[in-house]
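Residue numbers (the numbering used here): 873 to 1185.
The structure under discussion appears below in the form of structure tokens.
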Ligand SMILES: Cc1cc2nc3c(=O)[nH]c(=O)nc-3n(C[C@H](O)[C@H](O)[C@H](O)COP(=O)(O)OP(=O)(O)OC[C@H]3O[C@@H](n4cnc5c(N)ncnc54)[C@H](O)[C@@H]3O)c2cc1C
């Protein structure tokens, strides 16, 4: 029997890429490599990964990488990405008028696509997600939200695989422990499915809401290499407003720059450095603390950086 990580590649032939660049799977498009990237197509695959991976090796569930910054030195562990059947979207129509609609989403299903599909089917309550370029798994972990709603508003239960103890097991909405951009889901938990409860709505009105949201995002948020809002908003204020007020729009460290369009976004240059992005995050945090006495909390998940830094996994 080969030693890890070759043993992992042999246990799941064709599904494991060793020494895989992970930064390129993230929307920042910078950062280093992981020991292995596993394409997970079944619960059995996860049982295999668990049985082959030594206990000290960390795991990182990867969705669309739209909230992740992986350091230039990479992640010394196994990245797990759900694929195939885990991208499913199932709608269970109510049997009587007035009842709510039950929707079961795979952890790898992508939010903007789900939002459009549900609106077209006359289902309301998930329109807000059209501008969040993540997967269901990442959105549950982060309790993603916007436009006055979030995942917590509609999640009834989730199915979770624990990489340390196995599974899957069902968690109620309460067990998810949702808070502002946070949940009880940890790096050892892989969200396989989520059950949502939504309403019956008017497709035309829903389509208009999607158009309004997309128009607002295009006008107010930059495209390119970023991972959305870097910092969570402090209570009763906006991180973007504070960063703008500190004169940091356009501020640059190496290959990373505070967006001119939205001060809470950091843009990475093509072929840029994740460590420059991290240095800029720390500079912004320190500047805001020195100027306003407010501690900004990092919403982006920082992978492979020293564990002492806030936002680090
Ligand atoms: C242009 C842009 C706009 C954005 N706008 C918003 C917004 O309006 N609101 C908002 O909340 N966010 C926003 N984001 C951030 C991001 O899209 C969300 O946080 C999203 O939920 C992350 O999903 P993901 O699949 O990309 O997760 P990733 O970035 O891949 O991972 C994020 C976290 O979730 C974990 N994770 C991923 N998949 C799973 C899984 N299956 N099971 C368990 N854990 C998992 C990861 O380990 C990591 O800790 C934006 C990002 C961009 C680039």
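Glycine is no exception: its CB is placed at the ideal position from the N, C-alpha and C atoms.
Query                                                                                                                                                                    : Result
On the criterion of 16 or more Cβ atoms from any shown chain inside 10 Å, does residue 917 qualify as buried, or is it exposed?                                          : buried
Determine, using beta carbons only, whether residue 949 and residue 932 come nearer to each other than 8 Å.                                                              : yes
Can you list the alpha helix (DSSP H) stretches of 4 or more residues lying completely in the segment 905-933, in chain order?                                           : 915-924
At a cut of 8 Å, does the segment 903-914 reach the segment 990-1010 through at least three beta carbon pairs?                                                           : no
Nearest-angstrom Cα distance between residue 976 and residue 968?                                                                                                        : 19 Å
Roughly how many angstroms lie between the CA atoms of residue 1038 and residue 1069, to the nearest whole one?                                                          : 27 Å
Alpha carbon to alpha carbon, how far is residue 1151 from residue 1060?                                                                                                 : 27 Å
Does ligand 1 have even one heavy atom less than 7 Å from the beta-carbon of residue 1093?                                                                               : yes
Could you name the residues that DSSP lists as bridge partners for residue 974?                                                                                          : 964 and 1069
Taking 7 Å as the cut-off, is the C-beta of residue 1035 nearer than that to any heavy atom in ligand 1?                                                                 : no
Is residue 1003 near residue 1026, with beta carbons less than 8 Å apart?                                                                                                : no
Output needed for residue 1024: all residues of its chain with C-beta closer than 6 Å, excluding positions within five of it in sequence on either side, in chain order. : 1015 and 1050
Where residue 1158 and residue 1179 are concerned, what is the direct C-alpha to C-alpha distance, given to the nearest angstrom?                                        : 18 Å
Could you check what DSSP says for residue 1129 in three-state terms: helix, strand or coil?                                                                             : strand
Cβ-heavy atom distance between residue 1142 and ligand 1 below 7 Å?                                                                                                      : no
Name the one or two DSSP bridge partners that residue 1041 has.                                                                                                          : 1032
Under a Cβ-count criterion, where at least 16 other Cβ atoms within 10 Å of its own Cβ denotes burial, should residue 980 be classed as buried or exposed?               : buried
Is the segment 1153-1168 touching the segment 1115-1126, taking contact as three or more C-beta pairs under 8 Å?                                                         : yes
Can you name, in chain order, every residue of its own chain whose Cβ lies under 7 Å from the Cβ of residue 915, other than the five neighbours on each side?            : 1033 and 1040
Got a sec? Which residues, its chain only, sit under 8 Å from residue 887 by beta carbon, not counting five neighbours each side?                                        : 910, 911, 912, 913 and 917
I need the DSSP call for residue 1151, collapsed to helix, strand or coil.                                                                                               : helix
Could one say the Cβ of residue 1033 lies closer than 8 Å to chain B's Cβ atoms, at least one of them?                                                                   : Here chain B cannot be found, since the structure has a single protein chain.
Classify residue 1002 as helix, strand or coil using the three-state DSSP reduction.                                                                                     : helix
In terms of residue numbering, what span does the alpha helix (DSSP H) encompassing residue 1086 cover?                                                                  : 1075-1092
Considering residue 1140, what are the terminal residues of the beta strand (DSSP E) in which it resides?                                                                : 1138-1140
How should residue 966 be labelled, buried or exposed, when 16 other C-beta atoms within 10 angstroms of its C-beta is the threshold for buried?                         : exposed
Mind reading off the beta-carbon distance from residue 1125 to residue 1073? Whole number of angstroms is fine, and I expect it under 8 Å.                               : With a Cβ gap of about 45 Å, residue 1125 and residue 1073 do not count as contacting.
What residues match up with residue 995 in a beta bridge as DSSP calls it?                                                                                               : 1072
Relative to ligand 1, is the shortest distance from any of its heavy atoms to the C-beta of residue 1063 smaller than 7 Å?                                               : yes
What I want to know is whether the C-beta of residue 1136 ends up closer than 7 Å to one or more non-hydrogen atoms of ligand 1.                                         : no
Let me check you understand the geometry: is the CB of residue 1005 closer than 7 Å to at least one non-hydrogen atom of ligand 1?                                       : yes
What is the rounded straight-line gap between the Cα of residue 1102 and the Cα of residue 1022?                                                                         : 17 Å
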